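Chains as they are written, first to last, in the numbering used here: chain X, 1 to 210; chain Y, 1001 to 1210; chain Z, 2001 to 2210; chain A, 3001 to 3210.
For glycine and all other residues, C-beta sits at the position ideal for the given N, C-alpha and C.
For clarity, every value in this text was computed on a predicted model and none was experimentally measured.
Below you'll find the structure, written out as structure tokens, and then a few comments.
Protein chains: 4
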Amino acid sequence: MPRPRFDKLTPERREEILDVAASEFAARGFEAASLNRILERLGLSKGAAYYYFDGKQDLFAAVVEAAGQKVLDAVDWDRLEGAPDFWLEIDRVLVALSQLFAEDQRLAGLARAVATMGGRASQALSSINEQSETFWERLLAIGRARGAVRDDVPTRLLQHALQGMFQGIDRYDTTAGDERRHGQLASRMAVDFMRRMSESAGTGPRNRTP
Amino acid sequence: MPRPRFDKLTPERREEILDVAASEFAARGFEAASLNRILERLGLSKGAAYYYFDGKQDLFAAVVEAAGQKVLDAVDWDRLEGAPDFWLEIDRVLVALSQLFAEDQRLAGLARAVATMGGRASQALSSINEQSETFWERLLAIGRARGAVRDDVPTRLLQHALQGMFQGIDRYDTTAGDERRHGQLASRMAVDFMRRMSESAGTGPRNRTP
Amino acid sequence: MPRPRFDKLTPERREEILDVAASEFAARGFEAASLNRILERLGLSKGAAYYYFDGKQDLFAAVVEAAGQKVLDAVDWDRLEGAPDFWLEIDRVLVALSQLFAEDQRLAGLARAVATMGGRASQALSSINEQSETFWERLLAIGRARGAVRDDVPTRLLQHALQGMFQGIDRYDTTAGDERRHGQLASRMAVDFMRRMSESAGTGPRNRTP
Amino acid sequence: MPRPRFDKLTPERREEILDVAASEFAARGFEAASLNRILERLGLSKGAAYYYFDGKQDLFAAVVEAAGQKVLDAVDWDRLEGAPDFWLEIDRVLVALSQLFAEDQRLAGLARAVATMGGRASQALSSINEQSETFWERLLAIGRARGAVRDDVPTRLLQHALQGMFQGIDRYDTTAGDERRHGQLASRMAVDFMRRMSESAGTGPRNRTP
DNA sequence: AATGAATGAGATTTCATTCAT
DNA sequence: TATGAATGAAATCTCATTCAT
């Protein structure tokens, strides 16, 4: 994770650095991404880079954390907690997220890049995983408290299954021909899949997707 | 894809080559895998390698295709087609597959490696994608013919969603602590998720998982 | 030079081999040309290639010699010897040659490739140089016997200067934009340059080019 | 072309680098030259090389440009412009150049190397071609302004023909046995050839070479 | 607080040639 | 006569990282 010094930079510079790095990582994946290229595009010296970050992995971690924060912030947790119909609200949440992903093309790429790292990135990604788990745990916990989400399956298992399902849809989206229509359909189906996977039995009518 | 010459090698050598390469690709992903390391471990000269394969990507494609074939072969398609209860048979199929994955640890790694390549590997992976689509299309087509699989969603979208879900579960499996018990649970849950995602409405009782 | 065995091949095969090799050498120059690529395109095995030729240089020599023979054969030496006006006949000769070069695009490329080798190709090119010298010596000797070509400069020097000049024009031709018109102009100017360089003083009017 | 950083090296180091590289390129031509060998001889690490240059072609371009500059600097343009007898002055210029080439053996080799690249080196050699054209355009423009150089032929055509002729003489020079005497003769003849090729008709007596 | 020169290992790939069969 | 498997050196280039200043 970035050294404390990194926070002393102006917010603009900080954001620019993470921005450019995000583009590279998202476009090429962690391994194929080139630190050199990132720094060149940034006009940042090698020395400076290693002054702020501990290396390539550390920069990657910072980038992904920032992206994760964006996702966390895009959800109105209080509203979700208080919503009368959990699944209806989830629908809103996912629509918001899919808009976020549509606006910031790098998010999907980063998600893919993280998935790639697998077991390899030992320490660097621990914070990322925590963050990711936070998101799902929070979301599923709320659902469970409402009795909307099944409790016959470990949270982490459900989380990974959902996460994977979303990534699969993302991959479909990426390779689909007619982009606009597919994007909408994919987003709608994602909600449907999520509900089917997570809903506790007997919660309500079988199929809410019109 | 490997040059025709490759097929002239003894089956043992062929398998050994694909085996070692599979280990490397599965363990590190495509980008981070080192062709050098593979050849070194094989005692194969660089020249020979390029005599049989067109390059790193080509070798990767061969490795993945062989793995894919294993998966295809693990399914008894005729039996699936004739089974009285589709979902019951699917359960058997997935159990078989999860055993296959458990036995050959590299399979999951390869699946991850393929997922990683994303758009980058253009031509080299076309055959792989075909193979993968073949598997799912076949499976879903049978399910649809039986009226067991919903038809309100494009096959490819469903395929990707399912594929991603399984990968998510695999990732859960990989990082879970108590391996044995989790593996079984995960496998059982995978069937449940798949059924929930794919089942056509009104097919039967809501939740078959006891 | 090709081993005697080479002559035992059918003329068609012989020509095909030299043809394909000529394309490669002409297109890439000697160093960058790939023997592998040539053999692949020919469907000729490595073993066979080394059975007929002594190696890359040897093949190159054979290719160039064949090309040189074409050039030698394109000149009607008897007619040149008996022509009433030497320079008028040279004009015809050069037009014929420039047509030959226009028809067989590889000739110019080969000429360039030979020029490249410089001192390096020690033995392999000796025959080529002999051939080349034969051409010019013959041509200049006739001109001298007629009193049309100056004799205050060593033949070999004149030869190299002329050869170089032609190559220069060839290079101009290659890079010129409007191909058709330039080709004609270049060919016409080549004769003019050659005459100016070679004509003995006081042979006639200053400028025959209309 | 070398990155700006290259100019920050000490002049000595800069010259040494270009020197060693020039030797290799001149001796073997571009394709056969080995970047590895150059760096080894220089005691320069690969990384450093690519820190200063963009690659082999880039280094080559730098080498040739430096050489070209030497040639341009060897001509006293002002004096040529003001000389009472253009061709007499050209004689001086060419003698100076032939001395330059005699002193720096690599120059001719480099000229040959450049000629070799032909169409292949697309962008890398654009600056070199400009430089070369500058030299000839300048020289011929002065001659034309004086009425000494014919204007019935495009400058670039004349330029290439002259350039080729000089290279031919250089090749003669290289392969000639008795070096000293030939060199002088060749230099003298080069002037004669150039004049014959370029002189506008009716400028003066037919043959100035005694 | 920052620079940027330098490293050197390692990447993938291509080459001409040999030789057992 | 002919094959084609095998070699291994060498090619160009990129990488993340270090460190003296």
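Where residue i meets chain X, residues with beta-carbon distance less than 7 Å
| i | result |
| --- | --- |
| R1196/Y | R196, M197 |
| A1186/Y | L157 |
DSSP state of residue i mapped onto helix, strand, coil
| i | result |
| --- | --- |
| V149/X | strand |
| G1204/Y | Only weak support exists for where G1204/Y lies, its pLDDT of 45 falling under 50; the coordinates are left without a value. |
| P210/X | For P210/X, the predicted model reports a pLDDT of 40, less than 50, meaning its position is unreliable; a value from the coordinates is still stated below. Coil at P210/X, not helix or strand. |
| F135/X | helix |
Under 7 Å from the C-beta of residue i: neighbouring residues of chain Z
| i | result |
| --- | --- |
| Y3172/A | R2156, L2157, H2160 |
Amino acids of chain Y, ordered along the chain, whose beta-carbon sits closer than 7 Å to that of residue i
| i | result |
| --- | --- |
| Q163/X | G1168 |
| F193/X | A1161, M1197 |
Exposure label - residue i; buried when at least 16 CB within 10 Å
| i | result |
| --- | --- |
| P1002/Y | buried |
| G2082/Z | exposed |
| P3210/A | Because P3210/A sits at a pLDDT of 39, beneath the cut-off of 50, its placement in the model cannot be relied upon, and the following sentence gives the value as read from the coordinates. With fewer than 16 Cβ atoms within 10 Å of its Cβ, P3210/A is classed as exposed. |
| T116/X | buried |
| W2087/Z | buried |
| Y1051/Y | exposed |
| A22/X | buried |
| D151/X | exposed |
| Q2099/Z | exposed |
| E40/X | exposed |
| R2171/Z | buried |
| R3079/A | exposed |
| R13/X | exposed |
| G55/X | exposed |
| R2195/Z | buried |
| E2024/Z | buried |
| Q1069/Y | exposed |
| D1073/Y | exposed |
| E2089/Z | buried |
| S45/X | exposed |
| R3112/A | buried |
| G3143/A | buried |
| A145/X | exposed |
Span of the alpha helix (DSSP H), counted from its first residue to its last, around residue i
| i | result |
| --- | --- |
| D104/X | No alpha helix (DSSP H) holds D104/X; DSSP gives it neither H nor E. |
| L162/X | 155 to 175 |
Neighbouring residues, chain A, relative to residue i (Cβ below 7 Å)
| i | result |
| --- | --- |
| T2116/Z | G3029, T3116 |
| V1983/Z | A question about residue 1983/Z goes unanswered here, because the residues of chain Z that appear run from 2001 up to 2210. |
Partners in chain A for residue i, counting only beta-carbon separations shorter than 8 Å
| i | result |
| --- | --- |
| A1959/Z | This structure gives no information on residue 1959/Z, because the portion of chain Z shown stretches from 2001 to 2210. |
Whole alpha helix (DSSP H) elements within the segment 3001 to 3087 of chain A, 4-residue minimum: 3011 to 3032, 3035 to 3042, 3046 to 3052, 3056 to 3073, 3077 to 3082
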